[in-house]
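All remarks here apply to the structure that follows.
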Amino acid sequence: MKIMKRIEAACAKTDRNPAEILLLAVTKTRSIEEINLALKAGISIIGENKVQEAEAKIPYLQENYKQFHFIGHLQSNKVKKLMQLKPDLIHSIDSFSTLKKINQLAIENGITVNVLIQVNTSGEESKFGIQPDITESFILRAKTLANIRILGLMTIGMFTSDQAKIRKCFRKLHEIFLNMKKLKQANCEMKFLSMGMSGDYEIAIEEGANILRIGSALFGPRVN
Ligand SMILES: *Cc1c(COP(=O)(O)O)cnc(C)c1O
501 MKIMKRIEAA CAKTDRNPAE ILLLAVTKTR SIEEINLALK AGISIIGENK VQEAEAKIPY
561 LQENYKQFHF IGHLQSNKVK KLMQLKPDLI HSIDSFSTLK KINQLAIENG ITVNVLIQVN
621 TSGEESKFGI QPDITESFIL RAKTLANIRI LGLMTIGMFT SDQAKIRKCF RKLHEIFLNM
681 KKLKQANCEM KFLSMGMSGD YEIAIEEGAN ILRIGSALFG PRVN
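Sequential numbering from 501 applies to the sequence shown in the working numbering.
Below you can see the structure in the form of structure tokens.
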């Protein structure tokens, strides 16, 4: 896979070990057949951004996957349906009430749910995510949610061709990540830094990402 070579090259540039970087294949808009083929080719982690679409595909895959991640904006009325798909990681927590609802359902089901907090590092209004400066208070507030495990942070880089601006977003998230690592909170362990998509994953690797969310660079351009 060409993409693995590029990940390795970006790692070499910054003295990072490629083995510590997870490649999440973003399968939104891809058919069940396409996803099966990707799984056969060695993809092990898949991600969807819409609950309705995920519901129609994930349970029907013939090939096994190791992990299913949810990466899109999560409306609170979709939480229950998402939980039925047993996501291994939800990247996109941006509302406390939604997180509380996930915790409630997790308690009822006797499970713990792994999440990342989505931070809006670009300041673009079109982007979901909490404001960077409230990350700490958001995490502290989640302290009592016993069936939630906060495992890191996620961001989407600025939508621009200006690489310096994209890098700034990633650098900001990494800095917050390092600060949050210092928190001593039972349900919080800063392990994952989810950033970098098809157009900017090399910059993300250089800035410390350890989960890359890649769609079109793996599957080709999306038509819709
Ligand atoms: C679509 C999507 C991606 C992948 O985008 P590509 O540019 O196709 O790699 C990554 N993260 C999120 C949240 C997405 O919605």
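Note that CB positions come from ideal geometry on N, CA and C, so glycine has one too.
A quick note: this is a predicted structure, and the numbers were derived from the prediction, not measured.
Query raised in the report: Between the Cα of Met695 and the Cα atoms of Leu640, Ile666, Ile650, which residue gives the shortest distance?
Result: With distances taken between Cα atoms, Met695 lies closest to Ile666.
Query raised in the report: What residues are listed by DSSP as bridge partners for Gly451?
Result: Nothing can be reported for residue 451, as the shown portion of the chain is limited to 501 through 724.
Query raised in the report: Is the CB-CB distance between Arg713 and Gly547 below 8 angstroms?
Result: Contact check for Arg713 against Gly547 passes: the beta carbons are separated by less than 8 angstroms.
Query - Reduced DSSP category for Glu689 - H, G, I as helix; E, B as strand; rest coil - result: strand
Report task. For Phe568, count neighbouring C-beta atoms within 10 Å of its own C-beta (all shown protein chains included) and say buried if the count is 16 or more, exposed if not. Result -> buried
Report task. Give the DSSP-derived three-state secondary structure of Val619 in the structure shown. Result -> strand
Report task. Could you round the C-beta distance between Ile705 and Thr514 to whole angstroms and report it? I think they count as a contact, below 8 angstroms. Result -> The pair is a contact, with the Cβ atoms about 7 angstroms apart (cut-off 8 angstroms).
Query - For Leu651, three-class secondary structure by DSSP - result: strand
Query raised in the report: What does Ser694 pair with, by DSSP beta-bridge criteria?
Result: Met654, Ile711
Query - Pocket of ligand 1 defined by Cβ to heavy atom distance under 5 angstroms - result: Val526, Asn549, Ile571, Met697, Ser698, Arg713, Ile714, Gly715, Ser716
Report task. Report the residue from Asn614, Asn577, Gly610 whose alpha carbon sits nearest the alpha carbon of Ser592. Result -> Asn614
Requested in this report: Look at the alpha carbon of Lys540 and the alpha carbon of Lys586, and state the distance between them as a whole number of angstroms.
Outcome: Those two C-alpha atoms are separated by around 21 angstroms.
Requested in this report: Can you tell me which of Thr598, Ile521, Asn549, Gln562 puts its alpha carbon nearest to the alpha carbon of Ala538?
Outcome: Gln562
Query raised in the report: Residues bridged to Val613 by DSSP?
Result: Ile648
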